[in-house]
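Quick note, the sequences are listed as chains A and B, same order. Be aware that the first sequence starts at 31, since it is given in my numbering, and climbs by one per residue. Be aware that the second sequence starts at 44, since it is given in my numbering, and climbs by one per residue.
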Amino acid sequence: MSISRRKFLGWIGAAGMTSAVGRKAHAASNKQFTGYAEANAVLHDISLCIGCRKCEDACNKVNDLPPPKASFSDLSVLEASRRTDAYTYTVVNQKQTSGNAKPVFFKNQCNHCLEPACASACFVQAFRKTDTGAVTYDETVCVGCRYCMVACPFEIPAYEYDKALTPRVTKCTMCYPRLIDGKLPGCVEACPAEALSFGKRDDLLALARERIRKFPERYVNHVYGEHEMGGTSWLYLSNVPFDRIGMRMDLGTRPAGELTAGALGAVPIVVGLWPILLGGIYAVSKRKDKIAAEEQAEAVAAALEEANAAADARLTSELEKAEKQKQLAIEKEVQKALEEQAAAAAEKAAGADGTADVDKPEAGDDDSRSSTE
Amino acid sequence: MSDHTAETGKSVFTLFNLVAGIIVVMGLILTFLRFTGGLSTVTNLSDYNPWGIWIGFDLLTGVALAAGGYVTSAAVYIFGMKKYHSAVRPAVLTGFLGYALVVLALNYDVGRPWRLPYPFIMQQGTTSLLFEVAACVALYLSVLFLEYSPAALEWLGLKRARNLAIKLTMALTFFGVILSTLHQSSLGALYLIAPSKLHPLWYSTYLPVYFFVSSIIAGISMVLFESTLSHRYFKDKMSRTYLDEHNPVTLGFGKAASYVLAGYFIIKIIGISVDNNWHLLGTGYGVWFLVELLGFVALPCFLYAVGVREKNLLLIRCTAVWTVLGVVLNRLNVSLIAFNYHLPSTERYVPHWMEVGITLFIVTLGVLAFRFIVTRMPIFYEHPDYEDAH
Ligand code: SF4
Ligand code: SF4
Ligand code: SF4
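Right, dumping it as structure tokens:
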């Protein structure tokens with residue numbers, strides 16, 4: 031968490047511009063990476079596979095994996111469909127495609143994509159597409175988030191869920207250590223039926239095309255892996271439609287990185303644009319506040335003035351009224367007094383003087399008014 | 044009257060303490076099992092299902108529901124809706140705790156949690172959306188911590204530090220909104236890489252937009268929901284301002300939620316049209332999709348609008364709960380229910396009870412921390428020394 035903001039912005043700026051395999055990514059352009067020129071590949075001819083499980087056996091040995099529950103010579107294992115797991119980097123499955131025909135056998139392992147989804151998804155770059163063609167995994171940096179497993183369209187990487195402190199992601203390595211030593215992958219070497227061929231990807235593609243051309247009635251006219259998910263280094267030829275044996279034909283030809291390039295590309299836009307937009311909104315609301323405050327102040331002042339004026343007017347009129355009332359009362363009293371006087375004078379003519387107390391008239395409710403305003 | 048509320052409040056908390064205590068003890072035991080036996084002892088995760096509820100619920104839903112922090116502070120400080128000011132602190136606190144718990148949950152989920160800083164210090168996998176999520180969540184957690192810090196500093200009586208933290212408010216709000224936009228959307232974008240695994244009705248190139256917009260909905264609804272709960276249990280802690288502003292805040296947020304839900308509904312429809320997935324609505328998944336879209340998007344949109352028009356606060360609050368459930372449902376759909384839809388049912392994931400147990404444990408820790416803080420620090424009221432200081 032101790033990263034500077036600047037560094038962070040640098041990273042997100044760089045996001046989407048460098049790819050996991052250490053070369054320029056073409057995700058945002060219309061160029062496509064078609065693999066390292068000298069990269070190796072394996073061609074699996076499903077029509078030739080006899081389901082002997084010798085490749086599984088070899089893979090287990092060369093990778094020092096724990097011995098399986100049932101021995102590799104036990105072919106009844108093929109009855110249930112299996113997938114790769116933490117201690118099995120490759121599996122052979124069988125499928126009865128039609129009633130009485132003999133079943134089809136097919137091998138499954140990491141396809142060593144040209145632009146691997148796992149590598150694009152890993153946030154520590156634990157996966158790399160090497161120039162040998164193999165996609166390798168570095169367990170010394172892996173955090174164990176398992177996003178690579180979510181990402182892989184072929185459902186290959188497995189995880190050591192049973193390890194408490196040192197779980198790894200595992201998958202076929204294309205026998206990377208053996209390739210470095212100039213040896214063949216274990217499974218290819220062990221295959222007795224030549225269902226697996228190792229070579230340069232371009233050569234194998236040519237070989238596959240050649241087989242289809244020679245035996246059009248035997249093969250489905252499709253080399254699986256030539257374009258799937260941007261192309262893979264494990265190629266397949268088959269005598270039955272691929273989707274009938276569970277190989278997905280709906281993956282498309284775009285490499286995985288392209289699927290997320292748009293979202294990553296939006297990052298610099300958000301970082302660049304948001305402060306401006308939000309700043310604008312802030313400025314507007316600030317200004318609105320200011321204007322509102324000014325208007326309010328003005329309105330308050332005006333209202334006060336008006337109220338004062340009204341109060342003044344009312345006060346004067348009240349006073350006038352009071353004055354008038356007072357006048358009237360005095361007049362009345364005087365009148366009364368005069369009348370009384372006159373009456374008394376008339377009645378008695380004696381010199382008895384009547385003085386009348388003149389009350390002050392009530393002076394309106396000034397107090398309550400001033401307190402309400 | 045107030046005595047009475049305090050009384051009931053107390054008895055609720057005693058029962059609550061008991062339940063919380065049991066959950067915490069269970070959580071500690073499960074934690075021990077997780078870190079001694081590995082993920083396979085406590086989870087039903089498999090090679091086909093590498094992500095379970097700790098990602099689908101704790102991470103995806105947790106982050107969405109913690110959006111109240113950025114939504115509220117943006118509304119008040121950037122959009123200038125000052126009258127909602129009293130809602131900021133509770134929302135920021137909920138956000139901060141929410142993110143802290145998300146990070147805690149990740150420590151259970153990843154294989155080697157002590158390597159969580161590796162993406163930053165070892166090799167930067169910048170092509171990964173998870174990298175973006177990790178970077179933004181880490182930074183945003185720090186931002187939320189700073190945004191929340193004035194309350195703690197006021198409580199501790201550290202005036203100078205508190206005033207310094209307050210000065211940062213605007214900068215933090217801006218930064219928080221940018222980071223939230225980025226990681227809320229990239230949580231959805233995580234699934235862009237797996238079009239072959241996520242059902243087409245949920246998979247869309249608009250996933251990041253959906254996640255971002257629905258996080259606003261979740262944020263608003265959570266502020267409403269959480270304020271209703273707090274109202275009930277922490278009323279004695281609330282200031283007059285908070286209580287006076289509570290109803291206008293409820294109405295205002297309800298209105299906003301209704302608008303955003305309407306927008307969300309429209310972009311969802313656009314998504315189906317762009318991918319031309321109408322025909323899928325007739326399938327089982329289609330019906331389930333319609334339940335989510337009509338029942339948990341269109342319906343609350345309508346109910347919020349009615350609630351605001353009739354000033355029916357109860358309806359708005361109930362709708363908030365419903366909407367929160369809708370967002371939970373959406374995140375679970377994307378991460379678990381519609382994910383791996385192509386696999387046979389025997390290979391599908393159903394959480395182990397111990398996974399649920401740990402999630403419950405983590406949520407309980409959050410509630411306890413929330414209670415600890417609001418009963419001590421100036422969250423629902425302003426510290427007497429700083430009133431009118433904003
Ligand atoms: S098949 Fe899967 S694991 Fe193998 S390279 Fe491709 S994405 Fe990676
Ligand atoms: S589990 Fe390991 S290899 Fe896979 S994405 Fe996460 S850090 Fe990378
Ligand atoms: S290439 Fe090597 S690791 Fe891969 S399946 Fe063959 S033997 Fe196993």
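Note that the Cβ used here is the ideal one computed from N, Cα and C, for glycine as well.
Would you call residue i buried or exposed, if buried means 16 or more other Cβ atoms sit within 10 Å of its Cβ?
{"i": "VAL62 of chain B", "result": "exposed"}
{"i": "ASN123 of chain A", "result": "buried"}
{"i": "SER347 of chain A", "result": "exposed"}
{"i": "LYS54 of chain A", "result": "Since pLDDT at LYS54 of chain A reaches only 39, below the 50 mark, its modelled position is unreliable, and the value read off the structure follows with that caveat. With fewer than 16 Cβ atoms within 10 Å of its Cβ, LYS54 of chain A is classed as exposed."}
{"i": "THR170 of chain B", "result": "buried"}
{"i": "ALA147 of chain A", "result": "buried"}
{"i": "HIS74 of chain A", "result": "buried"}
{"i": "GLY66 of chain B", "result": "It is worth fixing the name first, because residue 66 of chain B is Ile in this sequence and not Gly. Per the 10 Å Cβ criterion, buried."}
{"i": "THR362 of chain B", "result": "buried"}
{"i": "ASN90 of chain A", "result": "buried"}
{"i": "THR407 of chain B", "result": "buried"}
{"i": "ALA57 of chain A", "result": "Only weak support is given to the placement of ALA57 of chain A: the predicted model assigns it a pLDDT of 43, under 50, and the value that follows is read from those uncertain coordinates. Answer is buried; the Cβ neighbour count reaches 16."}
{"i": "LEU337 of chain B", "result": "exposed"}
{"i": "GLN167 of chain B", "result": "buried"}
{"i": "GLU335 of chain A", "result": "exposed"}
{"i": "SER270 of chain B", "result": "buried"}
Could you round the C-beta distance between residue i and residue j to whole angstroms and report it? I think they count as a contact, below 8 Å.
{"i": "GLY154 of chain B", "j": "GLY174 of chain A", "result": "2 Å"}
{"i": "CYS79 of chain A", "j": "PHE136 of chain A", "result": "6 Å"}
{"i": "PRO162 of chain B", "j": "PHE153 of chain A", "result": "4 Å"}
{"i": "ASP211 of chain A", "j": "ALA69 of chain A", "result": "Their Cβ separation, rounded to whole angstroms, is 17 Å, which puts ASP211 of chain A and ALA69 of chain A out of contact at 8 Å."}
{"i": "GLY95 of chain B", "j": "LEU88 of chain B", "result": "5 Å"}
{"i": "VAL349 of chain B", "j": "LEU358 of chain B", "result": "7 Å"}
{"i": "THR212 of chain B", "j": "ILE121 of chain B", "result": "Not a contact, Cβ separation roughly 11 Å."}
{"i": "LEU237 of chain A", "j": "MET259 of chain A", "result": "With 8 Å as the limit, LEU237 of chain A and MET259 of chain A do not qualify as a contact, their Cβ atoms being about 21 Å apart."}
{"i": "ALA71 of chain A", "j": "ARG231 of chain A", "result": "4 Å"}
Going by DSSP, which residues form a beta bridge with residue i?
{"i": "PHE135 of chain A", "result": "A:GLN124"}
{"i": "CYS143 of chain A", "result": "A:THR262"}
{"i": "ASP168 of chain A", "result": "Beta-bridge pairing links ASP168 of chain A to no other residue."}
{"i": "ASN70 of chain A", "result": "A:LYS230"}
{"i": "ALA188 of chain A", "result": "A:THR200"}
{"i": "THR118 of chain A", "result": "A:ASP115"}
{"i": "TYR254 of chain A", "result": "A:TYR266"}
{"i": "ARG205 of chain B", "result": "Answer is none; ARG205 of chain B lacks a bridge partner."}
{"i": "ASP318 of chain B", "result": "In DSSP, ASP318 of chain B forms no bridge with anything."}
{"i": "LEU241 of chain B", "result": "B:PHE382"}
{"i": "LYS159 of chain A", "result": "A:VAL165"}
{"i": "ASP75 of chain A", "result": "A:LEU267"}
Going by C-alpha to C-alpha distance, which of the options sits closest to residue i?
{"i": "ALA296 of chain A", "options": "B:TYR161, B:SER89, B:ILE221", "result": "B:ILE221"}
{"i": "VAL370 of chain B", "options": "B:ASN383, B:LEU286, B:MET265, B:SER273", "result": "B:MET265"}
{"i": "ALA223 of chain A", "options": "A:SER77, A:ALA372, A:ASN70", "result": "A:SER77"}
{"i": "ALA107 of chain B", "options": "B:TYR127, B:PHE122, B:LEU144", "result": "B:LEU144"}
{"i": "SER301 of chain B", "options": "B:VAL256, B:GLY327, B:HIS322, B:LEU403", "result": "B:VAL256"}
{"i": "TYR91 of chain B", "options": "B:LEU286, B:GLY105, B:HIS385, B:LEU358", "result": "B:HIS385"}
{"i": "LEU198 of chain A", "options": "A:ALA131, A:TRP264, A:MET179, A:LEU289", "result": "The sequence as given places Arg at residue 198 of chain A; Leu does not occur at that position. That would be A:MET179, whose Cα lies nearest to the Cα of ARG198 of chain A."}
{"i": "THR115 of chain B", "options": "B:LEU358, B:PHE296, B:TRP157, B:THR402", "result": "B:PHE296"}
{"i": "LEU233 of chain B", "options": "B:VAL367, B:TYR328, B:GLU175", "result": "B:GLU175"}
{"i": "ASN290 of chain B", "options": "B:ARG360, B:ALA381, B:THR104, B:GLY409", "result": "B:ARG360"}
{"i": "THR366 of chain B", "options": "B:ILE263, B:ARG275, B:VAL377, B:VAL410", "result": "B:ILE263"}
{"i": "ALA181 of chain B", "options": "B:PRO160, B:SER258, B:ALA110, B:ILE422", "result": "B:PRO160"}
{"i": "ASN138 of chain A", "options": "A:GLU86, A:ALA100, A:ALA149, A:ALA359", "result": "A:GLU86"}
{"i": "ALA148 of chain B", "options": "B:VAL417, B:THR402, B:VAL410, B:HIS426", "result": "B:THR402"}
{"i": "GLU247 of chain A", "options": "A:SER268, A:GLY255, A:SER227", "result": "A:SER268"}
{"i": "GLY329 of chain B", "options": "B:PHE339, B:GLU353, B:ALA381, B:LEU411", "result": "B:ALA381"}
{"i": "ALA130 of chain B", "options": "B:VAL68, B:LEU267, B:PHE218, B:VAL317", "result": "B:LEU267"}
{"i": "TYR424 of chain B", "options": "B:GLY123, B:LEU286, B:SER83, B:VAL186", "result": "B:LEU286"}
{"i": "LYS240 of chain B", "options": "B:ILE405, B:SER378, B:TYR429", "result": "B:SER378"}
{"i": "ALA195 of chain B", "options": "B:ILE312, B:VAL393, B:PHE139, B:TRP396", "result": "B:PHE139"}
{"i": "VAL252 of chain B", "options": "B:GLY314, B:GLU197, B:VAL119", "result": "B:GLY314"}
{"i": "ILE310 of chain B", "options": "B:GLU197, B:ARG283, B:TYR249", "result": "B:TYR249"}
Nearer than 7 Å: is that true of the beta carbon of residue i relative to any heavy atom of ligand 4?
{"i": "GLY138 of chain B", "result": "What this structure holds is ligand 1, ligand 2 and ligand 3, not ligand 4."}
Touching by the beta-carbon criterion (3+ pairs, under 8 Å), the segment 373-389 of chain B and the segment 237-256 of chain B:
Touching, yes.
Would you call the segment 337-344 of chain B and the segment 274-288 of chain B touching, i.e. three or more CB-CB distances under 8 Å?
no
Are the segment 83-103 of chain A and the segment 112-121 of chain A touching, with three or more C-beta to C-beta distances below 8 Å?
yes
Counting Cβ pairs closer than 8 Å, one from the segment 222-229 of chain B and one from the segment 266-286 of chain A, do we hit at least three?
By the C-beta criterion, the segment 222-229 of chain B is judged not to be in contact with the segment 266-286 of chain A, since fewer than 3 inter-stretch pairs fall below 8 Å.
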